[in-house]
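Which chain is which? The protein sequence lines are A and B, in order.
Its first residue numbered 1, the first sequence is counted upward by one per residue in this note's numbering.
Its first residue numbered 193, the second sequence is counted upward by one per residue in this note's numbering.
Beta carbons are placed, not taken as given, at the ideal position from N, Cα and C, and that holds for glycine.
The model shown is predicted, which means the values in this text are computed figures rather than measured ones.
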Amino acid sequence: MILAWLRTLAFVQILLVSFSVFVSGLVAPSLAVAGTMASVGTTMSYSLDTSGRNYEANTPFSLRGGYRFSLADLYGEVSFFSSKSSGTEMVGVSSRDLEFLFWGRKSFSLSRSFALFGALGFGGHQETVKTRYAGDTYLDEGRIEAVGAVASGVQWRLTKAIEASLEGRVSAAESYAPNPRFGLGAFIGFAL
Amino acid sequence: MKRSSGKVLKTLGKFASRGGQVALTSFALVLSLTVASCSRESDRFAGDTYRLPWPDSEGQIALRPVQLKTLNDPENFEGSAARILVEPAESSGRLIAEKPRGRYIRSGSGTMIPSNYATLQAVTAYAHQEKLQSFDEKNGAATYLKWPLTIGLQVKVVDRGAIVNNNAIYDGKLDALLVVPYSLSDLPIALNGGILAHEHFHFIFQKAVLDRIGVQQSQGCQHGIAQTEAETPSAPQETETETGLDLDLGDEESIARAADEIAPGVYNAFLLRAINEGLADFWGWSYSGDVEFVGRSLPSEERVRRLDLEAGKLMDARAIRQSLVDLRRADKVIREDYRIGRAYLLGTQYARFLKGLVSALVEQGTSPEVAKGFVTAALVKALPTLGTAVVASYATDYISPNLILKPLILNLPDVKAPVCTALENFRATETGYQKPAACSGGTQ
Numbered sequence: 001m002i003l004a005w006l007r008t009l010a011f012v013q014i015l016l017v018s019f020s021v022f023v024s025g026l027v028a029p030s031l032a033v034a035g036t037m038a039s040v041g042t043t044m045s046y047s048l049d050t051s052g053r054n055y056e057a058n059t060p061f062s063l064r065g066g067y068r069f070s071l072a073d074l075y076g077e078v079s080f081f082s083s084k085s086s087g088t089e090m091v092g093v094s095s096r097d098l099e100f101l102f103w104g105r106k107s108f109s110l111s112r113s114f115a116l117f118g119a120l121g122f123g124g125h126q127e128t129v130k131t132r133y134a135g136d137t138y139l140d141e142g143r144i145e146a147v148g149a150v151a152s153g154v155q156w157r158l159t160k161a162i163e164a165s166l167e168g169r170v171s172a173a174e175s176y177a178p179n180p181r182f183g184l185g186a187f188i189g190f191a192l
Numbered sequence: 193m194k195r196s197s198g199k200v201l202k203t204l205g206k207f208a209s210r211g212g213q214v215a216l217t218s219f220a221l222v223l224s225l226t227v228a229s230c231s232r233e234s235d236r237f238a239g240d241t242y243r244l245p246w247p248d249s250e251g252q253i254a255l256r257p258v259q260l261k262t263l264n265d266p267e268n269f270e271g272s273a274a275r276i277l278v279e280p281a282e283s284s285g286r287l288i289a290e291k292p293r294g295r296y297i298r299s300g301s302g303t304m305i306p307s308n309y310a311t312l313q314a315v316t317a318y319a320h321q322e323k324l325q326s327f328d329e330k331n332g333a334a335t336y337l338k339w340p341l342t343i344g345l346q347v348k349v350v351d352r353g354a355i356v357n358n359n360a361i362y363d364g365k366l367d368a369l370l371v372v373p374y375s376l377s378d379l380p381i382a383l384n385g386g387i388l389a390h391e392h393f394h395f396i397f398q399k400a401v402l403d404r405i406g407v408q409q410s411q412g413c414q415h416g417i418a419q420t421e422a423e424t425p426s427a428p429q430e431t432e433t434e435t436g437l438d439l440d441l442g443d444e445e446s447i448a449r450a451a452d453e454i455a456p457g458v459y460n461a462f463l464l465r466a467i468n469e470g471l472a473d474f475w476g477w478s479y480s481g482d483v484e485f486v487g488r489s490l491p492s493e494e495r496v497r498r499l500d501l502e503a504g505k506l507m508d509a510r511a512i513r514q515s516l517v518d519l520r521r522a523d524k525v526i527r528e529d530y531r532i533g534r535a536y537l538l539g540t541q542y543a544r545f546l547k548g549l550v551s552a553l554v555e556q557g558t559s560p561e562v563a564k565g566f567v568t569a570a571l572v573k574a575l576p577t578l579g580t581a582v583v584a585s586y587a588t589d590y591i592s593p594n595l596i597l598k599p600l601i602l603n604l605p606d607v608k609a610p611v612c613t614a615l616e617n618f619r620a621t622e623t624g625y626q627k628p629a630a631c632s633g634g635t636q
């Protein structure tokens, strides 16, 4: 148990350091504030089922909000995902995933409308499980575990304020199977 | 707010120069991914508590915390008691599967909570194997088995071209328990300790008796395992060992003649099947304490398999052979199904008798739990005697249905009138029957 905590702590520390180094490098010359940003979207990823032979798709609903600086975007992202209940009339299990990540994102303009970006994120993941048996129901919240992620993709400015993005993502957490997990995300939102 | 954010970021910037940032960031990320992905140890979970559908001392099932001492790899459902394979296939006479991926959360109190239904079934089935391992040790049966046992869950068993549901099958050839998908609305078989204990006994009977005569137990003899949803392997060819008869079932002489023509091997296979199923039902009750454990998952079986009814009188070998005569008229598929059904009915009589022995010991003044332990241990001690007798006569003689009874009684520690009465009320009336010495001896 203590070993697990130490590992989680080490994991979070490493991520914090790497994130701070990354951000500090980006913002060292100047830090001009450009405005706020928010978006909604999903990141489709696949995880192994219990048999270890089939993959099942996860498509969480995600909300983002943050600040767009001149050199980088800093934002938070919250994602929700609920699995459908499986079992029989007498017994069943369902779960809900909540993930929150803090991202630093650096964009490189290709044209007036398009930009490529790379991003580094860290945060936490929590799963809540509902178990029912013969009329009794238990709701359990799991412990928050550390998540680290990198992402890269393309941004497309549709209007002056609205933009869409597509990204590939690799994220890692102890409970992920497979770990790391690969995902493909699509977001739309505004940036003022 | 914006200004303070800038200050924080600038402060962070003091910790590293721009030149080294890319390398350090990459290193940190790789290291963090490595830490995240390589953090399992083989025994860090042994002794953890899981919340599972679990019976109390009265046999009532509810979600309860259960400590598992041997499950050292819960993600792969592996420990010293069992290895659980999910959706396995058969290859070269072995059960194989991808590494399963059990999923759990750890609650605030530290309890492991299965986070999907397949994991709940797998870890509950494992928990019962761990408790059965202790149960076997207590009753002297553990030495027959090679641990960990192999258990397949969600196995796509195909019988005559159709996927089998709502059953559990001990396969002597694979030496594995196969739990097939459950589609009813009651207690899934993977969560039913009584049925798992019943199947567990088949492992013991295979080793103690059937291996000695080279027979491999299986539910029916024609199943295969599909590797995918679409695949339905054809049934293995059944070896025809009997020919059908055409006789008048109203003619007793014809029936008697036909009964005499039933080969000892055919009759003995039937009787051993019945004894195996009956002792397994008793084992299921002894482990679970539930007289209707079969009906909990399979309501259609509840009436015929419940164990709190009178055992009735055991048929003698000749009557059993006669009961098989009309089966010889049916085609081989119907014959096999019907014979299995009859074997279960006869087996239930044995199970009820064994439970009756427990009641008789209680009547003699033994406490219920101790009495149950006496009969369970006596049963295990009687198996080698049964095995030896079966080896001697399997192919040549008709085994007496009373064969298991005498060693059973001999291994009970305290035999008095109630036990002897229970025995007399149950045993088949056969010439040459020798009463156990404790029941006053003599020949009938």
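Exercise for the section: Just list the alpha helix (DSSP H) runs in the segment 558 to 626 of chain B, keeping only unbroken ones of 4 residues or longer that don't cross its boundaries, in chain order. Expected result: Entirely contained in the segment 558 to 626 of chain B, the alpha helix (DSSP H) runs reaching 4 residues are, in chain order, 560 to 585, 597 to 602 and 609 to 618.
Practice task
Spatial neighbours of A/Ala-134 within its chain, please: CB distance less than 7 angstroms, with the 5 preceding and 5 following residues excluded, ordered by chain position.
Solution key: Translated into positions along the first sequence, residue 134 of chain A becomes position 134. Sequence-distant Cβ neighbours of A/Ala-134 in its own chain, meaning closer than 7 angstroms and more than five residues away, are Met-90.
Exercise for the section: Answer yes or no: do B/Gly-406 and B/Ala-466 have a C-beta to C-beta separation smaller than 8 angstroms? Expected result: For this step, residue 406 of chain B is matched to residue 214 along the second sequence. For this step, residue 466 of chain B is matched to residue 274 along the second sequence. Not in contact: B/Gly-406 and B/Ala-466 (Cβ atoms no closer than 8 angstroms).
Problem - Own chain, CB closer than 7 angstroms to B/Val-214, minus 5 neighbours either side, in chain order - result: If you number the second sequence from 1, residue 214 of chain B lands on position 22. Its pLDDT being 40, under 50, B/Val-214 is placed unreliably in this model, and the value from its coordinates should be taken loosely. Excluding residues within five positions, none has a Cβ falling inside 7 angstroms.
Exercise for the section: Would you mind telling me which residues of chain B sit closer than 7 angstroms to A/Leu-48, beta carbon to beta carbon, in chain order? Expected result: Position 48 of the first sequence, counted from the start, is the residue given in the question as residue 48 of chain A. Ordered by position in chain B, the residues that pass the 7 angstroms Cβ test against A/Leu-48 are Arg-293.
Problem - For B/Glu-493 and B/Gly-271, the rounded distance between their alpha carbons - result: Numbered from its first residue, the second sequence carries residue 271 of chain B at position 79. Numbered from its first residue, the second sequence carries residue 493 of chain B at position 301. Straight through space, the alpha carbons of B/Glu-493 and B/Gly-271 are spaced by roughly 33 angstroms.
Exercise for the section: Give a yes or no on contact between the segment 340 to 348 of chain B and the segment 178 to 190 of chain A, applying the rule of three or more CB pairs nearer than 8 angstroms. Expected result: No contact exists between the segment 340 to 348 of chain B and the segment 178 to 190 of chain A.
Exercise for the section: Out of A/Val-129, A/Glu-56, A/Ser-39 and A/Val-93, state which residue places its alpha-carbon closest to the alpha-carbon of B/Ala-310. Expected result: Within the second sequence, numbered from 1, the residue matching residue 310 of chain B stands at position 118. Considering only alpha carbons, the answer is A/Val-93.
Exercise for the section: Check A/Asn-58 in the structure and name its three-state DSSP category. Expected result: Counting from 1 along the first sequence, the entry for residue 58 of chain A is found at position 58. A/Asn-58 falls in the strand class under three-state DSSP.
Handout entry: B/Ile-276 - containing alpha helix (DSSP H), residue span
Key = Start at 1 with the first residue of the second sequence, and residue 276 of chain B comes out as number 84. Element bounds for B/Ile-276: not the alpha helix (DSSP H) but the beta strand (DSSP E), 274 to 278.
Problem - Short CB-CB distance (under 8 angstroms) between A/Asp-73 and chain B - result: Here residue 73 of chain A is taken as the residue at index 73 of the first sequence, counted from 1. By this cut-off, A/Asp-73 is not an interface position.
Handout entry: Start-to-end residues for the alpha helix (DSSP H) that takes in B/Gly-300
Key = Sequence index remark: in the second sequence, residue 300 of chain B carries index 108 (1-based). Premise fails: B/Gly-300 is in no alpha helix (DSSP H) and is neither H nor E.
Exercise for the section: Within the segment 441 to 507 of chain B, note down every full alpha helix (DSSP H) run reaching 4 residues or more, in order along the chain. Expected result: Look at the segment 441 to 507 of chain B and you find these whole runs of alpha helix (DSSP H), each 4 residues long or longer: 444 to 453, 456 to 480, 485 to 489 and 494 to 497.
Handout entry: Alpha carbon of B/Asp-248 to alpha carbon of B/Pro-599, nearest angstrom
Key = Position 56 of the second sequence, counted from the start, is the residue given in the question as residue 248 of chain B. Position 407 of the second sequence, counted from the start, is the residue given in the question as residue 599 of chain B. For the pair B/Asp-248 and B/Pro-599, the Cα-to-Cα distance works out to about 33 angstroms.
Exercise for the section: Using only alpha-carbon positions, find the residue among B/Gly-285, B/Gln-325 and B/Ser-592 that is nearest to B/Trp-475. Expected result: The residue labelled residue 475 of chain B in the question sits at position 283 within the second sequence. For B/Trp-475, the closest C-alpha among the options B/Gly-285, B/Gln-325 and B/Ser-592 is that of B/Gln-325.
Problem - Contact set between A/Arg-53 and chain B, taken where Cβ atoms lie within less than 8 angstroms - result: By one-based count along the first sequence, residue 53 of chain A stands at place 53. Proximity of chain B to A/Arg-53 at the Cβ level (cut-off 8 angstroms) is accounted for by Glu-279, Ala-289 and Glu-290, in chain order.
Exercise for the section: Determine, using beta-carbon pairs with one atom in the segment 349 to 356 of chain B and one in the segment 289 to 298 of chain B, whether at least three such pairs fall under 8 angstroms. Expected result: Touching, no, given that fewer than three Cβ pairs across the two stretches are closer than 8 angstroms.
Practice task
Give the secondary structure of B/Lys-365 by DSSP, where H, G and I count as helix, E and B as strand, and everything else as coil.
Solution key: Locating residue 365 of chain B in the second sequence gives position 173, where the first residue counts as 1. Judged by DSSP in its simplified three-state form, B/Lys-365 adopts coil rather than helix or strand.
Exercise for the section: Quick one: residues in its chain with C-beta nearer than 6 angstroms to the C-beta of A/His-274, no 5 flanking neighbours on either side, listed in chain order? Expected result: This structure cannot settle anything about residue 274 of chain A, because the visible part of chain A is limited to 1 through 192.
Practice task
Taking only the alpha-carbon atoms, compute the straight-line gap between B/Asn-603 and B/Leu-464 and give it to the nearest angstrom.
Solution key: In the second sequence, residue 603 of chain B corresponds to position 411, counting from 1. In the second sequence, residue 464 of chain B corresponds to position 272, counting from 1. Approximately 20 angstroms, taken between the alpha carbons.
Practice task
Using a Cβ-Cβ cut-off of less than 9 angstroms, list which residues of the segment 107 to 118 of chain A approach chain B; keep chain order.
Solution key: Per Cβ criterion, the list is empty.
Practice task
Grab the span of the alpha helix (DSSP H) containing B/Phe-237 for me, first residue to last.
Solution key: Here residue 237 of chain B corresponds to residue number 45 of the second sequence, with the count starting at 1. Annotation: B/Phe-237 is outside any alpha helix (DSSP H) and is labelled neither H nor E by DSSP.
Problem - Minimum Cβ-Cβ distance from A/Thr-88 to chain B less than 8 angstroms - result: Position 88 of the first sequence, counting from 1, holds the residue named residue 88 of chain A. Yes - at least one Cβ of chain B is within 8 angstroms of the one on A/Thr-88.
Exercise for the section: Can you say whether B/Phe-397 is buried or exposed, counting buried as having 16 or more other CB atoms within 10 angstroms of its CB? Expected result: Translated into the one-based positions of the second sequence, residue 397 of chain B becomes position 205. Taking all protein chains in view, the Cβ of B/Phe-397 is crowded by 16 or more other Cβ atoms within 10 Å, so the residue is classified as buried.
Practice task
May I ask you to report which of helix, strand or coil DSSP gives A/Ala-161?
Solution key: Reading the first sequence from its first residue, position 161 is the one you call residue 161 of chain A. If DSSP states are grouped into helix, strand and coil, A/Ala-161 belongs with coil.
Problem - Closest by C-alpha distance to B/Glu-445, when choosing among B/Ala-333, B/Gln-514, B/Pro-491 and B/Pro-605 - result: One-based indexing of the second sequence puts residue 445 of chain B at position 253. Per the Cα distances, B/Gln-514.
Exercise for the section: Look up B/Leu-516 in the DSSP assignment and say whether it is helix, strand or coil. Expected result: Position 324 of the second sequence, counted from the first residue, corresponds to residue 516 of chain B. Collapsing the DSSP output to three states places B/Leu-516 in a helix.
Exercise for the section: Please classify B/Pro-245: does DSSP put it in a helix, a strand, or coil? Expected result: Within the second sequence, residue 245 of chain B is the residue found at index 53, counting from 1. B/Pro-245 falls in the strand class under three-state DSSP.
Problem - Entirely enclosed beta strand (DSSP E) segments - the segment 57 to 130 of chain A, minimum 3 residues - result: Within the segment 57 to 130 of chain A, the complete beta strand (DSSP E) runs of at least 3 residues are 61 to 69, 73 to 82 and 91 to 109.
Practice task
Measure the Cβ-Cβ separation of B/Trp-477 and B/Gly-332 and say whether it is below 8 angstroms.
Solution key: Translated into positions along the second sequence, residue 477 of chain B becomes position 285. Translated into positions along the second sequence, residue 332 of chain B becomes position 140. No, Cβ-Cβ distance for B/Trp-477 and B/Gly-332 is not below 8 angstroms.
Practice task
Measure the Cβ-Cβ separation of B/Phe-237 and B/Leu-263 and say whether it is below 8 angstroms.
Solution key: Along the second sequence, one-based indexing puts residue 237 of chain B at 45. Along the second sequence, one-based indexing puts residue 263 of chain B at 71. Yes, these two residues count as a Cβ contact at 8 angstroms.
Exercise for the section: Count the other CB atoms, across all protein chains shown, that sit within 10 Å of the CB of B/Pro-292; report buried if there are 16 or more and exposed otherwise. Expected result: Sequence index remark: in the second sequence, residue 292 of chain B carries index 100 (1-based). Buried, by the Cβ-count rule.
Exercise for the section: Report yes or no: is there a C-beta of chain A within less than 8 angstroms of the C-beta of B/Asn-308? Expected result: As a first step, residue 308 of chain B is located in the second sequence; it is residue number 116 there, counting from the start. Closer than 8 angstroms: yes.
Handout entry: Contact list for the segment 370 to 400 of chain B against chain E, Cβ threshold 9 angstroms
Key = Within the model displayed, chain E is absent; protein chains A and B are what it includes.
Handout entry: Endpoints, beta strand (DSSP E) assigned at B/Gln-325
Key = Here the question's residue 325 of chain B lines up with position 133 in the second sequence. Here B/Gln-325 belongs to no beta strand (DSSP E); instead the alpha helix (DSSP H) covers 309 to 331.
Handout entry: Cα-Cα separation between B/Val-458 and B/Asp-367, rounded to whole angstroms
Key = In the second sequence, the residue the question calls residue 458 of chain B occupies position 266. In the second sequence, the residue the question calls residue 367 of chain B occupies position 175. Cα-Cα distance, rounded: 23 angstroms.
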